[in-house]
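Just remember that my numbering sits 446 ahead of the position in the sequence shown, which is counted from 1.
The beta-carbon is built from N, C-alpha and C at its ideal position, and this holds for glycine as well.
Only a predicted model underlies this, so the values are computations on that prediction, with no experimental measurement involved.
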Amino acid sequence: MREFVGKAVFVTGGASGIGLALGRAFAEVGCKVMLADIEKTALDAALASLSGSGPEIRGIVCDVADPASVDSAAKATFSAFGKVHILCNNAGVGARGGIDHIALDNWRWVLDVNLIGVVNGVRAFLPHMRAHGEGGHIVNTASMAGIINRFHGFHPYPATKFAVVGMSEGLAVEVKPFGIGVSILCPGFVRTNILESARNRPERYGPTTPPDAANPLYARLAELARTGMDPAEVARRVVAAVRNDELYVFTHPERRGAVEERFRAILAAFDRAAASSV
Ligand SMILES: NC(=O)c1ccc[n+]([C@@H]2O[C@H](COP(=O)([O-])OP(=O)(O)OC[C@H]3O[C@@H](n4cnc5c(N)ncnc54)[C@H](O)[C@@H]3O)[C@@H](O)[C@H]2O)c1
């Protein structure tokens, strides 16, 4: 998409972190913005912080895990803005627990928000984007954890992010004939509130697993989250990727070696298959 002025964008998880930065970045290039988020107070604060940043910025409370909630947020956005050209499926959460301890409710919550949330967004907006015929773009927020899994103790999280990468690659092929692009955002650590995801965990998923302060992994993650990239930098990369129709969006080039290592191991397994006589 070369032209942003006057186009409308819908951003999930828009009240905080990367979603809020995406809202600001798209507003600053002339888009009308609808921020959607499950947390009303944070959403109100986010809207206040964006005041004057773009032509029109609105917010709506929406639970991406609930298809009816996403459908009704989509309808409200069509009534407010007319056509929507850019969808950012960005809301995401993480839950802790080693493989032996992670509760099934943690799996369900993380899968519902990080994966089904993306599905719900695509289901609610893609028919509209195809019908208006002007093309558009879908940005699905995955993670470096959707390309390599280095942080054990968060198993549902990379499981959903690998799934988002896989489904987005297929989606890109399917929607290309309609002039709709797809970008898969794979950031490394970004300075956001992701480690406090449990603040927005609905009661239906049961109690939150208390943080295990003794686990050095969590202290390391807290440090990485505190010193991570500025979300505004991530959002600028996304706007450029939408403009240039880039499928993969990486923000941390220093992680390249780890990705190469994973693919070397995969290619070596192909070599063994080629050499195998069993
Ligand atoms: N922060 C990082 O280091 C990092 C790295 C890679 C990928 N990501 C991804 O970036 C995305 C944004 O996360 P962030 O880091 O900005 O965290 P964040 O916690 O700052 O923001 C996430 C937002 O999603 C909202 N949200 C949570 N559950 C929701 C639901 N059911 N429906 C609607 N909104 C919901 C939260 O209220 C919050 O406003 C996530 O998909 C996350 O997995 C983050």
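How about V556 and N586: are their beta carbons less than 8 angstroms apart?
In the sequence shown, counting from the first residue as 1, residue 556 sits at position 110. In the sequence shown, counting from the first residue as 1, residue 586 sits at position 140. At a Cβ-Cβ threshold of 8 angstroms, V556 and N586 do not count as neighbours.
Let me check one thing: in DSSP terms, what residues is C534 bridge-paired to?
As a working note, residue 534 is residue 88 in the sequence shown. Bridge partners of C534: V457 and V585.
Residue range of the beta strand (DSSP E) that includes Y694
In the sequence shown, the residue the question calls residue 694 occupies position 248. Per DSSP, Y694 belongs to the beta strand (DSSP E) from Y694 to F696.
6 angstroms Cβ shell around A644 - same chain, five flanking residues per side excluded:
What you label residue 644 is simply residue 198 of the sequence shown in a count that begins at 1. The answer, listed in chain order, is T654.
Cβ atoms of H601 and I640: under 8 angstroms apart, would you say?
Within the sequence shown, residue 640 is the residue found at index 194, counting from 1. Within the sequence shown, residue 601 is the residue found at index 155, counting from 1. Contact: no.
Cross-strand partners of K478 (DSSP beta bridge)
Position 32 of the sequence shown, counted from the start, is the residue given in the question as residue 478. In the DSSP output, where bridge partners are listed per residue, K478 has A454 and E502.
What do you reckon, is the C-beta of P604 under 7 angstroms from a heavy atom of ligand 1?
Indexing the sequence shown from 1 puts residue 604 at position 158. P604 has its CB no nearer than 7 angstroms to any heavy atom of ligand 1.
Does the Cβ of V695 lie closer than 7 angstroms to at least one heavy atom of ligand 1?
Locating residue 695 in the sequence shown gives position 249, where the first residue counts as 1. No, the Cβ of V695 stays beyond 7 angstroms of every heavy atom of ligand 1.
Cutting at 6 angstroms between CB atoms, please list the residues of its own chain near A588, excluding the five before and the five after it.
Here residue 588 is taken as the residue at index 142 of the sequence shown, counted from 1. Within the same chain, A588 has close Cβ partners K607, V610, V611, I630 and C632.
Which of helix, strand or coil does DSSP assign to D483?
Counted from its first residue, the sequence shown places residue 483 at position 37. D483 sits in a strand when the DSSP states are folded into three classes.
Return the residue from the list A519, G543, V619 and G567 that minimises the CA-CA distance to N535.
One-based indexing of the sequence shown puts residue 535 at position 89. Considering only alpha carbons, the answer is G567.
Going by C-alpha distance, which of V516, S515, F527 and A522 is nearest P501?
As a first step, residue 501 must be located in the sequence shown, where it is residue number 55. The shortest Cα separation from P501 among V516, S515, F527 and A522 belongs to F527.
With a threshold of 7 angstroms, establish whether the CB of P633 neighbours any heavy atom of ligand 1.
Translated into positions along the sequence shown, residue 633 becomes position 187. Yes, Cβ of P633 sits closer than 7 angstroms to a heavy atom of ligand 1.
Check: V556 C-beta below 7 angstroms from any heavy atom of ligand 1
By 1-based counting over the sequence shown, the position of residue 556 is 110. Not under cutoff, so the answer is no.
Determine, using beta carbons only, whether I594 and R708 come nearer to each other than 8 angstroms.
Your numbering for residue 594 matches position 148 in the sequence shown. Your numbering for residue 708 matches position 262 in the sequence shown. Going by C-beta atoms, I594 is nearer than 8 angstroms to R708.
Helix or strand or just coil, what does DSSP make of M613?
Taking the first residue of the sequence shown as 1, we reach residue 613 at position 167. M613: helix per DSSP, three-state reduction.
Taking C-alpha atoms, which residue in L466, A454, A461 and T458 lies nearest to R682?
If you number the sequence shown from 1, residue 682 lands on position 236. Per the Cα distances, L466.
Assign G592 to one of three DSSP states: helix, strand, or coil.
Taking the first residue of the sequence shown as 1, we reach residue 592 at position 146. When DSSP states are grouped into helix, strand and coil, G592 belongs to the helix group.
What do you reckon, are the CB atoms on D558 and A591 nearer than 8 angstroms?
Taking the first residue of the sequence shown as position 1, residue 558 is located at position 112. Taking the first residue of the sequence shown as position 1, residue 591 is located at position 145. No, the pair does not count as a contact, with Cβ atoms beyond the cut-off.
Taking 7 angstroms as the cut-off, is the C-beta of S462 nearer than that to any heavy atom in ligand 1?
Along the sequence shown, one-based indexing puts residue 462 at 16. Yes, the Cβ of S462 comes within 7 angstroms of a heavy atom of ligand 1.
Taking 7 angstroms as the cut-off, is the beta-carbon of N690 closer than that to any non-hydrogen atom of ligand 1?
By one-based count along the sequence shown, residue 690 stands at place 244. N690 Cβ: outside cutoff for every heavy atom of ligand 1.
Rounded to the nearest angstrom, what separates T673 and R637 at their Cα positions?
By one-based count along the sequence shown, residue 673 stands at place 227. By one-based count along the sequence shown, residue 637 stands at place 191. So the two alpha carbons sit approximately 6 angstroms from each other.
Around the Cβ of V619, are there at least 16 other Cβ atoms within 10 angstroms (buried) or fewer (exposed)?
Reading the sequence shown from its first residue, position 173 is the one you call residue 619. It is exposed - the Cβ of V619 has fewer than 16 other Cβ atoms within 10 Å.
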